[in-house]
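Student: For the sequence shown, the residue numbers in our numbering are 35 to 488.
No residue lacks a Cβ here, since even glycine has one placed at the ideal position from N, Cα and C.
This structure is in C-alpha cells; I'll ask about it shortly.
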Amino acid sequence: MSDLDDFDDFEQGATTRVPAQAGLRLPSVELVVVEGKDRGKRITVRGSSARIGTAAGSDLGLTDPTVSRVHCEIRVRTGTITLKDQGSTNGTYVGGARIRDADVPAGTVLRVGATSIRVEVGDAPSFVEVSPRSSFGELVGASLPMRQLYAVLERIAPMDTTLLVTGETGTGKDVVARSLHAMSRRKSGPYVPIDCGAIPETLFESELFGHVRGAFSGAASDRRGVFEEADAGTLFLDEIGEMPLALQAKLLRAIETRTIRKVGSNVAKAVDVRIVAATNRDLARRVNEGTFREDLYYRLAVVEVSLPSLRERPEDVPTLAQHFYDKLSPGAGPLPQDFLRVLASRSFPGNVRELRNFIERSVSLGFVSPHASPSVPPPSAERPHAEVDELVPLHLPLKDARQAWTERFEEVYLRAMLKKTGGNVTRAAELAGVSRRFLQRLAARLGIRASDEG
Numbered sequence: 035m036s037d038l039d040d041f042d043d044f045e046q047g048a049t050t051r052v053p054a055q056a057g058l059r060l061p062s063v064e065l066v067v068v069e070g071k072d073r074g075k076r077i078t079v080r081g082s083s084a085r086i087g088t089a090a091g092s093d094l095g096l097t098d099p100t101v102s103r104v105h106c107e108i109r110v111r112t113g114t115i116t117l118k119d120q121g122s123t124n125g126t127y128v129g130g131a132r133i134r135d136a137d138v139p140a141g142t143v144l145r146v147g148a149t150s151i152r153v154e155v156g157d158a159p160s161f162v163e164v165s166p167r168s169s170f171g172e173l174v175g176a177s178l179p180m181r182q183l184y185a186v187l188e189r190i191a192p193m194d195t196t197l198l199v200t201g202e203t204g205t206g207k208d209v210v211a212r213s214l215h216a217m218s219r220r221k222s223g224p225y226v227p228i229d230c231g232a233i234p235e236t237l238f239e240s241e242l243f244g245h246v247r248g249a250f251s252g253a254a255s256d257r258r259g260v261f262e263e264a265d266a267g268t269l270f271l272d273e274i275g276e277m278p279l280a281l282q283a284k285l286l287r288a289i290e291t292r293t294i295r296k297v298g299s300n301v302a303k304a305v306d307v308r309i310v311a312a313t314n315r316d317l318a319r320r321v322n323e324g325t326f327r328e329d330l331y332y333r334l335a336v337v338e339v340s341l342p343s344l345r346e347r348p349e350d351v352p353t354l355a356q357h358f359y360d361k362l363s364p365g366a367g368p369l370p371q372d373f374l375r376v377l378a379s380r381s382f383p384g385n386v387r388e389l390r391n392f393i394e395r396s397v398s399l400g401f402v403s404p405h406a407s408p409s410v411p412p413p414s415a416e417r418p419h420a421e422v423d424e425l426v427p428l429h430l431p432l433k434d435a436r437q438a439w440t441e442r443f444e445e446v447y448l449r450a451m452l453k454k455t456g457g458n459v460t461r462a463a464e465l466a467g468v469s470r471r472f473l474q475r476l477a478a479r480l481g482i483r484a485s486d487e488g
C-alpha cells in the first residue's frame with residue numbers, strides 16, 4: 035500500500051505496511067516468479083520485509099497448492115537480505131539445501147513448493163523511516179532498531195489501527211502497548227491488559243465478553259468482560275498465541291463487527307476498543323500448523339512490529355541501566371563506569387526484564403552506588419563479626435539470593451586471587467583449579483582486568 039491511511043484492503047484482512055520514506059537507506063529488492071503456476075508475477079519489497087505464501091494477505095501471493103499459507107519471509111536490512119522459512123509444510127530451498135534462516139545474495143533463486151522465485155536487487159534504493167527520538171512513552175533507547183520502531187508508533191498512535199507486537203520474552207511488549215495508549219487520542223480512556231495464557235479455557239469467553247446472571251453455574255450476577263471495560267480505550271491482548279482455537283472465531287467476530295455478546299445474552303452491544311496484541315510465538319508458523327486462524331492473524335496484524343532483543347541493541351544497555359537506576363535511586367547520579375563495563379560483558383538472555391532485575395538486585399544488595407565499585411567488599415579485619423543480614427540478602431527469595439551471592443563471591447574471589455598472583459592469570463587459574471581460558475572468560479564477564487588487580 036502506498037499510504038497508511040488507505041485501508042481498502044483492511045476488510046480483506048490484508049496487513050497494512052508502514053510506507054517507506056526518508057530515513058534508513060535499503061537496497062531495492064524485487065521478487066520475481068521464474069517457474070510455477072504464477073510465472074511472471076513480480077513484486078517490489080515495500081519497507082523492510084515481504085511474506086510469501088498462498089494466504090490472502092501475503093505480499094507475494096501464490097496459487098501453487100504445494101506452497102503453505104504463510105510459507106517464508108524476505109527481510110531486507112542494510113547490506114543483507116535474509117530468507118526465513120515460517121514452518122512451511124514442504125520447506126524453502128536454495129540450491130537444493132533446505133533453508134530455515136539464512137542471508138542470501140542478490141540473484142538467489144529460492145524454491146517454495148513447485149514454484150521458483152528469483153531475488154533481484156535494483157539500482158534505486160528504498161528508504162525506511164527513522165525517528166529522531168531517543169524514547170517513546172515508557173520505551174527507552176536511541177539505537178537504530180528502536181528509532182525505526184518509534185517511527186512506526188508515531189505514525190499509528192493518533193489512529194485506531196490494530197497493532198500486533200512480536201518479540202522475545204522480556205523485550206517489553208507490554209511497554210509498547212502502554213506507550214502507544216499514552217500517546218494516542220484514547221489516553222484519557224481505560225487501558226485494560228489481559229494475559230491470554232493465564233485464563234482457563236472454560237472461562238475465556240466470559241473474561242472477554244462478560245456474562246449475565248444465571249448464564250452458567252456460579253454466575254450469581256452480571257459481569258463485564260474486558261472488551262466492555264476497555265470501551266473508549268485500549269485493550270491489550272498479551273500472549274495472544276495462547277488463545278484456544280475454539281475462541282479465536284469469536285474474537286475475530288468481535289473485532290470485525292465491533293460488537294460483543296455476553297455469555298447467556300441474546301443482545302449484542304457495540305464497543306469502541308483499540309486492539310493491541312502481543313506474542314512471543316511465531317504466529318505465521320502456527321497458522322501453517324493449523325493452531326491459529328489465518329483470518330484472525332491478518333486481522334490482528336494490520337500493522338505488525340517486531341521488538342528487538344537486547345542483544346540486537348547493545349548500545350542501549352547503559353541508557354536503560356541508568357534509566358532503571360534513576361527510578362530506583364532518584365538523584366543518585368550516574369552509574370560507575372566499572373559497573374557499566376560489567377553490564378556490557380553480559381548477554382542478558384532475559385532481555386530488558388533481566389537487565390531491570392539485575393539493576394534492582396545490585397542496588398538492593400549494595401553492589402552499586404554513586405561513589406563505589408560495582409561490588410561490596412567482604413568484611414575487613416576491623417569488622418570480623420559483621421551481622422548476617424549485612425552479608426546475606428535475606429530480603430530476597432532463596433533462588434535470587436543464591437544467584438546474587440554467587441555473583442558477588444565470584445568477583446571477590448577473582449579479584450583476591452589475581453592480587454595474590456600479581457595479575458598472573460595462568461598462576462591464578464592453577465591455584466583456583468580451573469583452566470586459564472575459564473578464568474579469562476570469567477574476568478571478561480565480570481569486567482575485571484588482570485593487570486589492574488595485579
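1. In the DSSP output, which residue or residues are listed as bridge partners for Leu197?
2. In chain order, what residues of the same chain have a beta carbon less than 6 Å from the beta carbon of Arg167, not counting five sequence neighbours either side?
3. Nearest-angstrom Cα distance between Val339 and Tyr127?
4. In this structure, does DSSP put Asp98 in helix, strand or coil?
5. Can you tell me which of the three DSSP states Leu377 falls into?
6. For Glu441, which option in Leu242, Ala466, Leu476 has the closest C-alpha, if you only look at C-alpha atoms?
7. Mind pulling the alpha helix (DSSP H) runs of 4 or more residues that sit fully within the region 200-247?
8. Would you give the residue range spanned by the beta strand (DSSP E) that Lys118 belongs to?
9. Given this structure, state the Cα-to-Cα distance separating His245 from Val67, to the nearest angstrom.
10. Applying the 10 Å Cβ sphere with the 16-neighbour rule, what's the burial state of Glu239?
11. For Thr460, list the residues DSSP reports as bridge partners.
12. Answer with buried or exposed for Phe472, where buried requires no fewer than 16 other C-beta atoms within 10 angstroms of its C-beta.
13. Where do the N-terminal and C-terminal ends of the beta strand (DSSP E) with Ala319 fall, by residue?
14. For Leu144, list the residues DSSP reports as bridge partners.
15. For a test of the three-state rule: what should DSSP assign to Arg470, helix, strand or coil?
16. Along the alpha helix (DSSP H) that carries Arg387, what are the first and last residues, could you check?
17. Pairing CB atoms from the region 221-229 with CB atoms from the region 343-352, are three or more of them under 8 Å?
18. Can the beta-carbon of Arg470 be found less than 7 Å from the beta-carbon of Ala463?
19. I'd like to know whether the C-beta atoms of Ile309 and Leu269 end up nearer to each other than 7 Å.
20. Closest to Glu172 by C-alpha separation, out of Asp316, Thr325, Glu107, Lys207, would be which residue?
21. Taking Ala249 as the reference, which of Asn300, Val199, Val209, Ile289 has the closest Cα?
22. Is Asp259 helix, strand or coil by DSSP?
23. Within the same chain, show all residues whose beta-carbon is closer than 7 Å to that of Glu69, passing over the 5 residues directly before and after it, in chain order.
24. Among the candidates Ile190, Arg247, Ala466, Pro192, whose CA atom is the shortest distance from the CA of Gly298?
25. Using DSSP with H/G/I as helix, E/B as strand and the rest coil, what is Val66?
26. Should Thr114 go down as buried or exposed, given a rule of 16 or more other Cβ atoms within 10 Å for buried?
27. Does Ile294 come out as helix, strand or coil in the three-state DSSP assignment?
28. Secondary structure at Ala283, three-state DSSP: helix, strand or coil?
Tutor: Straight from the coordinates:
1. Locating residue 197 in the sequence shown gives position 163, counting from the first residue. Beta-bridge pairing links Leu197 to Val310, Val337.
2. As a first step, residue 167 is located in the sequence shown; it is residue number 133 there, counting from the start. These residues qualify, in order along the chain: Tyr184.
3. Here the question's residue 339 lines up with position 305 in the sequence shown. Here the question's residue 127 lines up with position 93 in the sequence shown. Straight-line Cα distance between these residues: approximately 27 Å.
4. Residue numbering aside, residue 98 sits at position 64 when the sequence shown is read from its first letter. The answer is coil: DSSP assigns Asp98 none of H, G, I, E or B.
5. The residue you call residue 377 lines up with position 343 of the sequence shown. The answer is helix: DSSP assigns Leu377 an H, G or I state.
6. Within the sequence shown, residue 441 is the residue found at index 407, counting from 1. Per the Cα distances, Leu476.
7. 207-216, 238-243
8. Residue numbering aside, residue 118 sits at position 84 when the sequence shown is read from its first letter. Run containing Lys118: 114-119, per the beta strand (DSSP E) assignment.
9. Your numbering for residue 245 matches position 211 in the sequence shown. Your numbering for residue 67 matches position 33 in the sequence shown. Going from the Cα of His245 to the Cα of Val67 covers about 51 Å.
10. The count along the sequence shown starts at 1 and reaches residue 239 at position 205. The residue is buried, with at least 16 neighbouring Cβ atoms inside 10 Å.
11. Stepping through the sequence shown from its first residue, residue 460 is reached at position 426. DSSP lists no partner for Thr460.
12. Start at 1 with the first residue of the sequence shown, and residue 472 comes out as number 438. Counting Cβ neighbours within 10 Å, Phe472 comes out exposed, since fewer than 16 surround it.
13. Your numbering for residue 319 matches position 285 in the sequence shown. Reading off the sequence shown, one finds Arg at residue 319, where the question assumed Ala. No beta strand (DSSP E) contains Arg319, which is instead part of the alpha helix (DSSP H) from 317-323.
14. Here residue 144 is taken as the residue at index 110 of the sequence shown, counted from 1. DSSP, once it has assigned bridges, lists Val128, Ile151 as partnering Leu144.
15. Mapped onto the sequence shown, residue 470 falls at position 436. In the three-state DSSP reduction, Arg470 falls in the helix class (H, G or I).
16. As a working mapping, residue 387 is identified with position 353 in the sequence shown. 385-399 is the span of the alpha helix (DSSP H), which, as asked, contains Arg387.
17. no
18. Walking along the sequence shown from the start, residue 470 turns up at place 436. Walking along the sequence shown from the start, residue 463 turns up at place 429. Cβ atoms of Arg470 and Ala463: closer than 7 Å.
19. Residue mapping note: residue 309 aligns to position 275 of the sequence shown, counting from 1. Residue mapping note: residue 269 aligns to position 235 of the sequence shown, counting from 1. Yes, Cβ-Cβ distance for Ile309 and Leu269 is below 7 Å.
20. Indexing the sequence shown from 1 puts residue 172 at position 138. It is Lys207 whose Cα lies nearest to the Cα of Glu172.
21. Here residue 249 refers to the residue found at position 215 when the sequence shown is read from its first residue. It is Asn300 whose Cα lies nearest to the Cα of Ala249.
22. Translated into positions along the sequence shown, residue 259 becomes position 225. Strictly speaking, residue 259 in this sequence is Gly, with Asp absent from that position. In the displayed model, Gly259 falls within coil according to three-state DSSP, outside both helix and strand.
23. Here residue 69 refers to the residue found at position 35 of the sequence shown. Within the same chain, Glu69 has close Cβ partners Thr149, Ser150.
24. Position 264 of the sequence shown, counting from 1, holds the residue named residue 298. Gly298 has its Cα closest to that of Arg247, out of Ile190, Arg247, Ala466, Pro192.
25. Here residue 66 corresponds to residue number 32 of the sequence shown, with the count starting at 1. Strand at Val66.
26. To locate residue 114, count along the sequence shown from 1; it is residue 80. Thr114 comes out exposed.
27. Stepping through the sequence shown from its first residue, residue 294 is reached at position 260. Reduced to three states, the DSSP call for Ile294 is strand.
28. The count along the sequence shown starts at 1 and reaches residue 283 at position 249. Residue state, collapsed to three classes: helix.
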